[in-house]
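Below is one structure, written out as structure tokens, with a few remarks after it.
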Amino acid sequence: MEARDVDGDQGSILNGPLAGATLSDLVRDHPEDLMGRGWSGDSFPLLTKFIDAAGMLPVHLHANDDDARTIEGAANGKTEAWHILEAAPGATALCGVREGIGRDELREALLRQDFDAVLRRIPVAPGQTLYVPEGTPHSFGPDTLVYEIEQSSNLQQHAMPWRMEDGSGIGDHERAENIDLFLRECSLGTRPSFTPGLMVLKGEGVRRTFLAAGPHFALERWTAESGAIAHGFRTALIVSNAGAPVRLRSGSVEEDLGRAESIVLPAVLGEMAIDGPADVLVGYLPDIDRNIRAPLTAAGYGPDVISTLGEC
């Protein structure tokens with residue numbers, strides 16, 4: 013189940029008093045109730061999804077914000093993060109251009125689909141998270157179950173000899189044009205690494221693990237054995253269930269969440285509680301100082317360690 017608000021693909025509220033409304037409707041009609049005091053915007057700023065990669069995903073990238081506006085005519089580009097839920101032994105991902113590779117060499121390798129000659133192949137393991145900056149070529153799969161959080165955008169450039177929409181082949185001229193645009197939007201210098209996250213104890217049997225953070229999103233994983241998860245918030249939360257079914261309470265709202273189901277909690281609710289055992293992912297638009305640096309610094313983590321989460 014996805015939380016999304018992009019052109020032509022908008023998530024709808026399934027239950028409650030606003031059932032049938034889209035996230036776009038909530039942004040338009042209730043921006044501060046949804047996202048917090050003082051917030052304004054044209055669309056819900058986050059996109060989350062579970063991806064079960066039975067095969068290798070196409071090698072692609074997403075433009076940065078400047079290129080999205082000047083080249084694509086879009087409001088923003090896309091930075092994303094992957095949290096690995098399941099991965100077969102020996103699973104790998106492609107992410108980032110290998111050091112020393114120039115654009116000419118990259119172009120030739122992409123045209124002949126020799127991705128390993130120019131892109132970094134890195135091992136994948138459950139529980140790891142990768143912050144993927146805008147402009148970074150990437151792919152993962154097969155045999156990998158991933159939870160993604162990202163900027164809300166459907167922009168992408170890919171390096172494959174077929175159309176993403178329907179798998180039909182493309183001619184040499186169109187393929188060359190696609191590769192040229194891919195190279196124009198590609199960042200040669202970003203080489204992110206997986207991280208296990210930074211864990212903070214929140215009471216008996218309750219763990220809060222910070223997985224990724226930057227100006228566009230933050231992602232955490234909360235687990236509870238016998239205790240209860242209790243958390244206050246000032247901005248919308250996307251809560252996605254990574255484990256067995258749980259019951260979530262937030263203000264007057266009570267909802268059962270099955271595995272891989274998600275709920276958007278608007279800022280106006282202000283708090284949530286989930287009885288253990290529980291295993292949930294929580295995504296939101298952060299105040300980096302208040303939501304990330306302050307709690308991690310209080311837990312004893314230094315600036316260099318905190319920065320491994322992404323851009324914080």
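The opening position of the sequence shown corresponds to residue 13 in this note's numbering, with each subsequent residue numbered one higher. Just so it is clear, CB atoms sit at the ideal spot from N, CA and C, and this is done for glycine as well.
_Only counting the same chain, and skipping five residues up and downstream in sequence, which positions put a Cβ closer than 6 angstroms to that of Y143?_
Closer than 6 angstroms at the Cβ level, and outside the excluded window around Y143, lie A93, P204, A224 and G322.
*Among the residues of its own chain, which have a CB less than 7 angstroms from the CB of C107, if the five just before and after it don't count?*
Excluding sequence neighbours, C107 sits near R132, I134, L142, V144, T148, H150 and P204.
*asked:* Can you tell me whether S262 is buried or exposed? The criterion is at least 16 other CB atoms within 10 Å of its CB, across all chains shown.
replied: By the neighbour-count rule (16 or more Cβ atoms within 10 Å), S262 is buried.
*What does a CB cutoff of less than 6 angstroms around L200 pick up in its chain, not counting 5 residues either side in sequence?*
Cβ neighbours of L200 beyond the five flanking positions: V109.
*asked:* Let me confirm a value: D291 is counted as buried when at least 16 other C-beta atoms fall within 10 Å, else exposed. Which label applies?
replied: Under this definition D291 is a buried residue.
*If we count the other Cβ atoms within 10 Å of its Cβ and call it buried at 16 or more, is N76 buried or exposed?*
Residue environment analysis places N76 among the buried positions, since at least 16 neighbouring C-beta atoms fall within 10 angstroms of its C-beta.
*With a floor of 4 residues, list each alpha helix (DSSP H) that falls wholly inside the stretch 238 to 310, ordered by position along the chain.*
The alpha helix (DSSP H) runs lying completely inside the stretch 238 to 310 and spanning 4 residues or more are 306 to 310, given in chain order.
*Alpha carbon to alpha carbon, how far is V265 from A62? Give it in angstroms, no decimals.*
It should be noted that the sequence gives Phe, not Ala, for residue 62. Between the C-alpha atoms of F62 and V265 there is a straight-line separation of about 24 angstroms.
*What residues match up with P135 in a beta bridge as DSSP calls it?*
Per DSSP, T104.
_Among D155, D299, T82 and L26, the one whose alpha carbon lies nearest that of T247_ = Among D155, D299, T82 and L26, the Cα nearest to that of T247 is on D299.
*Beta-carbon contacts of T104 that lie in its chain and below 7 angstroms, excluding the five residues immediately before and after*: Hits under 7 angstroms: R133, I134, P135 and V136.
*For the beta strand (DSSP E) holding T235, just list the boundary residues, first then last.*
Here the beta strand (DSSP E) through T235 covers A230 to A236.
*asked:* Please tell me whether L97 and V158 are closer than 8 angstroms, where the distance is taken between their beta carbons.
replied: It is a contact, given that the beta carbons lie within the stated cut-off.
_Would P154 and G67 be called neighbours here (beta carbons separated by less than 8 angstroms)?_
Result yes, Cβ atoms of P154 and G67 sit closer than 8 angstroms.
*asked:* Just to confirm my understanding: we take A129, look at its own chain, exclude 5 residues before and 5 after, and list those with CB closer than 7 angstroms. What are they?
replied: Only residues of its own chain outside the window of five on either side were considered, and among them A121 have a CB closer than 7 angstroms to the CB of A129, listed in chain order.
*asked:* Once DSSP output is grouped into helix, strand and coil, what is the label at D178?
replied: In the three-state DSSP reduction, D178 falls in the coil class, being neither helix nor strand.
_DSSP-derived helix/strand/coil call for I191_ = Helix, per DSSP.
_For R271 and L293, I'd like the C-alpha separation in whole angstroms._
R271 and L293: Cα-Cα distance of roughly 11 angstroms.
*Extent of the continuous alpha helix (DSSP H) run through E44*: Unbroken alpha helix (DSSP H) run through E44: P43 to M47.
*Give the DSSP-derived three-state secondary structure of R119 in the structure shown.*
Residue state, collapsed to three classes: helix.
*Under the DSSP definition of a beta bridge, which residues are partnered with Q169?*
In the DSSP output, where bridge partners are listed per residue, Q169 has L73.
*Using only alpha-carbon positions, find the residue among Q169, P227, S238 and D126 that is nearest to I191.*
Minimum Cα distance to I191 is reached at Q169.
*Between the beta-carbon of A240 and the beta-carbon of A285, is there less than 8 angstroms?*
In this structure, A240 sits near A285, with a CB-CB distance shorter than 8 angstroms.
*Alpha carbon to alpha carbon, how far is D301 from T91? Give it in angstroms, no decimals.*
Rounded to the nearest angstrom, the two C-alpha atoms are 20 angstroms apart.
*From D54, E146 and Q140, pick the residue whose C-alpha is nearest to that of D79; which is it?*
The residue with the shortest Cα to Cα distance from D79 is E146.
_Give me the residue from L73, S52 and L46 with the minimum Cα distance to L193._
The closest CA to that of L193, considering only L73, S52 and L46, is found on L73.
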